[in-house]
Structures are given as structure tokens and as C-alpha cells.
């Protein structure tokens, strides 16, 4: 359940845990807090995520959304998915974006390529990508493939997607927490996601946005993820979504 259940950690020193709890204490994160938390997590053994009890109610991501807006503009022009990885530079103490990745109308391959000469100092902490407006089944959330990749990569902390257009842009972020299992095999991840897919989306004769939204919420509940939504009204401010189905 979101914010409750078994706590999963990976060989984290008590002092590091105290620092992480202190850093994540605010319920409203700005870009600076988000960046510092992600860099701190990148310095820990993979499989450690933010304390579930400290998941923020909102996250302001104006810095990352400048990059996302460029991806969305390219998607508007080409009708293809675009992506970048998000890197935490543990020496420079900042987040940087990886190189531009271009896919097709339905998918984009994520390549975790770090900046030349910075490979030892940088860790991939997440990804951002777009869904073209024509992908009706994907514009309202993450796909099953998105979740499979996100859960399989233990070093990934967040995934962001954006859809719509620059005037009416929506964006979703999912973030792992300390109740996100870090010991599930890829086979079990795939099976559990496909079970949710079957429950909510299989054999839909008529497109139902509510079932797709509920599919996303069910995945977040299943894996202890926190979901955030930014709308044309909130712009770069991501507000936490209640994922109770």
C-alpha cells in the first residue's frame, strides 16, 4: 500500500538514513530539494528510495520541465516519442540530462549513456519521455512497458512522461519509496504488471479512460509508488495523486 507496508532498504548506514529523512522532511519540494535528494540517493547502494512516510505532497520541477517541454515540442512536430535519461552527478552535486533519444510513434529505446569523462561520477536516477497525442491509450498515464522498465531498474528513482501539447501540457511523475520492493525478479515484475493489465484493460471493446487511470493507480499501489500530476493549470508543479482505486 502507498506509504505503508514492508520497508525495503539496501545496506544504508543509520547516519545516511537520518540525513535522507531530514532532506525529505518537507511536504512541498522545490527543484533544489528534488535535486539534492536525488543526488543523495545516487550516492547510496541501489535499491534505496525516499522514506515512504516522507513522500511529498507536491514537487516543483521547473528545471526538468524546461527539458521536457523541448521533448514535447519535438514530439508535436514529428509525432514520435522522445526521451532523455536523468543523471545525478555525485561530484558536481547536480542533475543533468542525457543525450536526446528519438523513437517512433509507439516507443523509444532508453540508452543509459553518461557524459564522456563523467562516467564514474554519474548515476542514472530516472528517465523522461513523451507520448504522442495520437496514442489514446497512453496519453493518460504510463504504459505497462513503462512500468516494467522502471521497476526492473533498481537504480531508477523516478519516471516522468508528458503528453498533450505545449499549450495544454500534462505530465505525470512516478517515484519509488521505501515500500517499493527492491528484491522482485524481472519475471515476477512482468507477471504482476500483466495481471493488473488483464484486470483493468484486457478486452476493452470501448475505450474507457477511467479503467486506464485505475490501471495506473493499481500499479502504484502494487509497487509502493507515489504518483504526481502536473496540469496546464499547475504548470511545473506536480501534485500527489490519491492512488486508491
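Numbering (our numbering), first residue to last: 1 to 245. Every residue gets a Cβ at the ideal spot worked out from N, C-alpha and C, and that includes glycine.
Item                                                                                                                : Value
Backbone CA spacing between residue 118 and residue 89 [nearest angstrom]                                           : 8 Å
Through-space distance from residue 105 to residue 135, alpha-carbon basis                                          : Because residue 135 sits at a pLDDT of 48, beneath the cut-off of 50, its placement in the model cannot be relied upon, and the following sentence gives the value as read from the coordinates. Approximately 8 Å, taken between the alpha carbons.
Beta-ladder partner(s) of residue 238, from DSSP                                                                    : 59
For residue 41, the nearest candidate out of 28, 23, 56 and 29 (CA to CA)                                           : 23
Stretch-stretch touch, CB-based, cutoff 8 Å, three pairs: the stretch 107-115 with the stretch 38-58                : no
Residue 251, DSSP secondary structure in three states                                                               : Residue 251 falls outside the range modelled here, since the chain spans only 1 to 245, and no answer is possible.
Beta-carbon gap between residue 214 and residue 144 smaller than 7 Å                                                : no
Short Cβ contact (7 Å threshold) for residue 238 with residue 244                                                   : no
Secondary structure, alpha helix (DSSP H): runs of 4+ residues fully inside the stretch 71-99                       : none
Buried versus exposed, by CB contacts within 10 Å (16 or more), residue 246                                         : No answer is possible for residue 246: the residues shown for the chain start at 1 and end at 245.
Nearest residue (CA-CA) to residue 87, options 96, 132 and 211                                                      : 96
C-alpha gap between residue 131 and residue 167, whole angstroms                                                    : 15 Å
7 Å CB neighbourhood of residue 26 in its chain, flanking five on each side removed                                 : 33 and 56
Residue 100 beta carbon less than 7 Å from that of residue 174                                                      : no
Pair within 7 Å by beta-carbon distance, residue 127 and residue 189                                                : no
Three-state secondary structure (DSSP) of residue 179                                                               : coil
Buried/exposed call for residue 216, threshold 16 Cβ in 10 Å                                                        : buried
Test item: CB-CB of residue 11 and residue 45 under 7 Å                                                             : yes
CB-CB length for residue 38 against residue 122, believed under 8 Å                                                 : Not really, about 12 Å apart at Cβ, beyond 8 Å.
Contact belief for residue 184 with residue 141 at Cβ below 8 Å, rounded distance in angstroms                      : That belief does not hold up - the Cβ atoms of residue 184 and residue 141 are roughly 21 Å apart, past 8 Å.
Whole-angstrom distance between residue 165 and residue 17, CA atom to CA atom                                      : 40 Å
Residue 176 classed as buried or exposed, judged by whether at least 16 other C-beta atoms fall within 10 angstroms : buried
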